[in-house]
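Scroll down for the structure; my scribbles are underneath it.
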Amino acid sequence: MGLKLKKLDISDRVVQRLTEYLSILKEVSKSDNEINSIELSKIMNTTSAQVRKDLSTFGEFGVRGRGYDVSKLIEIIEGILGINVVNNIIVVGHGKMGEMIASNGKVLGKGFKIVGIFDKDPNKIGKEVSDHLVVQDVENIGEFLKDTTLKVETAILAVVKEQAQIAANNLIKNGIKAILNMTTYKLEVDDNITVINMDISAKLQELNFWRILNSINIEEETE
1 MGLKLKKLDI SDRVVQRLTE YLSILKEVSK SDNEINSIEL SKIMNTTSAQ
51 VRKDLSTFGE FGVRGRGYDV SKLIEIIEGI LGINVVNNII VVGHGKMGEM
101 IASNGKVLGK GFKIVGIFDK DPNKIGKEVS DHLVVQDVEN IGEFLKDTTL
151 KVETAILAVV KEQAQIAANN LIKNGIKAIL NMTTYKLEVD DNITVINMDI
201 SAKLQELNFW RILNSINIEE ETE
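Here you go:
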């Protein structure tokens, strides 16, 4: 698409909303061919100005007076997110979380394929999981990533938190550029490495806050 954007140009929240737009558009495509920013904003519970601003960060995709071609916009957003191609991923750690992810690759959604699973437990190494993948020794990660035909730059880190930084350092040393951190440990990495933290406990705390706040508001309205 010829996008020339710097990291500072785009906030995390814009990218998050982009994934939400994509999810909504896929549902809309089942019944409609077009949607405008007002309609999209109502579903997103935001403003039409915000929708236009978010999308205009990446280009001009709408038609004045008509809005957006749904299928075309889906295609564009998938291209922006890089899921219009297959992205190979490895999973490091085959505990309960790693096993859940590795045994159900579909949970990753379009554009992602698990090509390797690693653990240090001798009892898990050699175990076959879905898609005919076998749990490999974590010591073999370096050799595995040297295989240029796979081109793996992304890893899901699902080890115990005490091993998270060590495992991440090893991944980065061997060419991994992006890590989905499923541990509660806050990784220390260079600026050129992308880390997204998926701390379920923190998300539940956040969820609980909004649940309590909503309950308070409802009680105040009914008094």
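Per this note's numbering, the sequence shown starts with residue 1, numbered consecutively.
Cβ coordinates follow ideal geometry from the N, Cα and C atoms, glycine included.
Separation of residue 202 and residue 138 (C-alpha to C-alpha, rounded to the nearest whole angstrom) is 28 Å. Between residue 187 and residue 164, the beta carbon gap of about 6 Å places them in contact (Cβ cut-off 8 Å). The region 19-46 is shown to contain whole alpha helix (DSSP H) runs of 4 or more residues at 37-44, in chain order.
DSSP places residue 158 outside any beta strand (DSSP E), giving it a letter other than H or E. Nearest C-alpha to residue 193 among 168, 99 and 212: 168. The three-state secondary structure of residue 72, taken from DSSP, is helix. A Cβ-Cβ contact shorter than 8 Å links residue 134 with residue 128. Linking residue 91 to residue 97 through their CA atoms gives a straight-line distance of about 10 Å.
Under a 10 Å Cβ-count criterion, residue 82 is classified as exposed, with fewer than 16 other Cβ atoms of the shown protein chains found around its own Cβ. In this structure the region 18-36 touches the region 71-88; the number of beta carbon pairs closer than 8 Å is three or more. For residue 54, the enclosing alpha helix (DSSP H) begins and ends at 48-56.
Note on geometry: alpha-carbon atoms of residue 200 and residue 183 lie some 9 Å from one another. Spanning the alpha carbons of residue 68 and residue 47 requires a straight line of approximately 16 Å. Distance check between residue 87 and each of 101, 100 and 115 places 115 closest, using alpha-carbon atoms only. Taking a contact as a CB-CB distance under 8 Å, the pair residue 51 and residue 37 counts as one, their CB atoms being some 4 Å apart.
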